[in-house]
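Asker: Residue numbers (the numbering used here): 28 to 286. Cβ atoms here follow ideal geometry from the backbone N, Cα and C, with glycine treated the same way. Computed from a prediction, not measured in an experiment: that's the story for all the values here.
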């Protein structure tokens, strides 16, 4: 009996429960659709308006960042999905049922992170590749088209898709730490959109280069390395530190507080 009870509360069962909850939410398909459409439309529009570089700028010409411009929209929607995956349960009161079924709060948070993170990764990678190919097809004749075989291009596309999954995990951590939807959303928007603008204006890249949005736009989503910012793989590692910090703080507060 002990084994069956423990198994019922195990990680695999928790993952299955979180998957059922995520796909049953009416907001989930709409958010994923908004991510897909927004990224493709913005990426295609940016690439269609990309002009051929002057001879002096040809060596540094990097249209890949234009193709991936829609990731900024994607990060907003995917991040909110991560936040609401936690705070929505507190708003509806269903968190009590969840914790009754899975008393281990770290197990619950890990299962939720695994499901939302994997869905975000699959969607992120799929849409970034579709956006890249659609964007290059929309480029004007005479403009040098990037190819996945070019140096740094495949890495930029793959890391941009992975970036969306990391954003979702940060959103889950913020949701678990704050619990209230409006406050958690405000914290997410502040971290990803407001703070980068403020610090970029005040300090330039000195401090802002360590913030998630600037890491994407200047490090991950480019095929040619940019000076004075983090290298792509260092930036990717810093993003994982954000994930660990967000989930660590969120998980600790989740374990210490009552539902």
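Determine whether the beta carbon atoms of residue 234 and residue 226 lie at a separation below 7 Å.
Answerer: As a working mapping, residue 234 is identified with position 207 in the chain shown. As a working mapping, residue 226 is identified with position 199 in the chain shown. Yes, they are a contact pair.
Asker: If you measure from the beta carbon of residue 253 to each beta carbon in chain D, is any gap under 7 Å?
Answerer: The chain inventory of the structure shown lacks chain D, comprising one protein chain alone.
Asker: Residue 69 and residue 96 - do their beta-carbons sit closer together than 7 Å?
Answerer: Position 69 of the chain shown, counted from the start, is the residue given in the question as residue 96. Position 42 of the chain shown, counted from the start, is the residue given in the question as residue 69. Cβ distance < 7 Å, so residue 96 and residue 69 count as in contact.
Asker: Taking only heavy atoms of the ligand ZN into account, decide whether any of them is closer than 6 Å to the Cβ of residue 79.
Answerer: By its list of ligands, the structure shown contains no ligand whatsoever, and the ligand ZN lies outside what it can speak to.
Asker: Near residue 280, which residues of its chain fall below 6 Å by C-beta distance, leaving aside the five closest residues on each side in sequence?
Answerer: By one-based count along the chain shown, residue 280 stands at place 253. Taken in chain order, the residues that qualify are 204.
Asker: Looking at the unbroken alpha helix (DSSP H) that takes in residue 116, where does it start and where does it end?
Answerer: In the chain shown, counting from the first residue as 1, residue 116 sits at position 89. Element bounds for residue 116: 98-119.
Asker: For the candidate residues 109, 83, 178, 170, whose alpha-carbon lies nearest to that of residue 277?
Answerer: Position 250 of the chain shown holds residue 277. Of 109, 83, 178, 170, the residue nearest in Cα terms is 109.
Asker: At the level of alpha carbons, what is the spacing between residue 144 and residue 48?
Answerer: Translated into positions along the chain shown, residue 144 becomes position 117. Translated into positions along the chain shown, residue 48 becomes position 21. Cα-Cα distance, rounded: 14 Å.
Asker: Counting Cβ pairs, one atom from each stretch, are 3 or more of them under 8 Å apart for the segment 170-178 and the segment 235-243?
Answerer: The segment 170-178, when compared against the segment 235-243, does not touch it at the 8 Å Cβ threshold.
Asker: Reducing DSSP to helix, strand and coil, say where residue 30 ends up.
Answerer: Residue numbering aside, residue 30 sits at position 3 when the chain shown is read from its first letter. Low confidence applies here, because residue 30 scores a pLDDT of 46, under 50, leaving its location unreliable; read the following figure in that light. Helix at residue 30.
Asker: Could you tell me if residue 83 is buried or exposed, where buried requires 16 or more neighbouring beta carbons within 10 angstroms of its beta carbon?
Answerer: To locate residue 83, count along the chain shown from 1; it is residue 56. That one is exposed.
Asker: Using 8 Å as the threshold, is the segment 129-143 in touch with the segment 37-54, meaning 3 or more CB pairs across them?
Answerer: Contact holds: three or more Cβ-Cβ distances are below 8 Å.
Asker: Counting C-beta neighbours from all protein chains within 10 Å, is the total for residue 136 16 or more, i.e. buried, or is it exposed?
Answerer: By 1-based counting over the chain shown, the position of residue 136 is 109. It counts as buried.
Asker: If you measure between the beta carbons of residue 105 and residue 191, is that distance less than 7 Å?
Answerer: Here residue 105 corresponds to residue number 78 of the chain shown, with the count starting at 1. Here residue 191 corresponds to residue number 164 of the chain shown, with the count starting at 1. In contact: residue 105 and residue 191 (Cβ atoms closer than 7 Å).
Asker: My understanding is that residue 259 touches residue 247, with C-beta atoms under 8 Å, so please give their C-beta distance in whole angstroms.
Answerer: Translated into the one-based positions of the chain shown, residue 259 becomes position 232. Translated into the one-based positions of the chain shown, residue 247 becomes position 220. About 6 Å; that satisfies the 8 Å criterion.
Asker: What's the gap between the Cα of residue 31 and the Cα of residue 102?
Answerer: One-based indexing of the chain shown puts residue 31 at position 4. One-based indexing of the chain shown puts residue 102 at position 75. Caution applies to residue 31, whose pLDDT of 43 falls short of 50 and renders its modelled position unreliable; the value that the coordinates give is listed next. Spanning the two alpha carbons is a distance of roughly 40 Å.
Asker: Hey, how far is the Cα of residue 267 from the Cα of residue 210?
Answerer: Within the chain shown, the letter at position 240 stands for residue 267. Within the chain shown, the letter at position 183 stands for residue 210. The alpha-carbon atoms of residue 267 and residue 210 are separated by roughly 23 Å.
Asker: Could you tell me the alpha carbon to alpha carbon distance between residue 264 and residue 91, rounded to whole angstroms?
Answerer: Indexing the chain shown from 1 puts residue 264 at position 237. Indexing the chain shown from 1 puts residue 91 at position 64. Going by the C-alpha atoms only, they are around 21 Å apart.
Asker: For residue 185, tell me which candidate among 162, 75, 154, 232 has the shortest Cα-Cα distance.
Answerer: Here residue 185 refers to the residue found at position 158 when the chain shown is read from its first residue. Residue 185 has its Cα closest to that of 154, out of 162, 75, 154, 232.
Asker: Just how far apart, CA to CA, sit residue 133 and residue 60?
Answerer: Residue numbering aside, residue 133 sits at position 106 when the chain shown is read from its first letter. Residue numbering aside, residue 60 sits at position 33 when the chain shown is read from its first letter. About 30 Å.
Asker: How many angstroms separate the CA atom of residue 194 from the CA atom of residue 142?
Answerer: Looking up residue 194 in the chain shown gives position 167. Looking up residue 142 in the chain shown gives position 115. C-alpha separation (whole angstroms): 14 Å.
Asker: Less than 7 Å between C-beta atoms, sequence neighbours within five positions excluded: which residues of the same chain meet that for residue 80?
Answerer: As a position in the chain shown, residue 80 is number 53, starting the count at 1. Result list for residue 80: 88, in chain order.
Asker: What are the start and end residues of the alpha helix (DSSP H) that includes residue 284?
Answerer: By 1-based counting over the chain shown, the position of residue 284 is 257. Careful: residue 284 lies outside any alpha helix (DSSP H) and carries neither H nor E.
Asker: Have a look at residue 77 and residue 167 and give me their C-alpha separation to the nearest angstrom.
Answerer: For the purposes of this step, residue 77 is taken as the residue at position 50 of the chain shown. For the purposes of this step, residue 167 is taken as the residue at position 140 of the chain shown. Distance between the alpha carbons of residue 77 and residue 167 is about 8 Å.
Asker: Indicate the three-state DSSP secondary structure (helix, strand or coil) for residue 40 in the structure shown.
Answerer: Position 13 of the chain shown, counting from 1, holds the residue named residue 40. If DSSP states are grouped into helix, strand and coil, residue 40 belongs with the helices.
Asker: Just verifying my parser: in three-state terms, what is the DSSP assignment at residue 258?
Answerer: Looking up residue 258 in the chain shown gives position 231. Coil at residue 258, not helix or strand.
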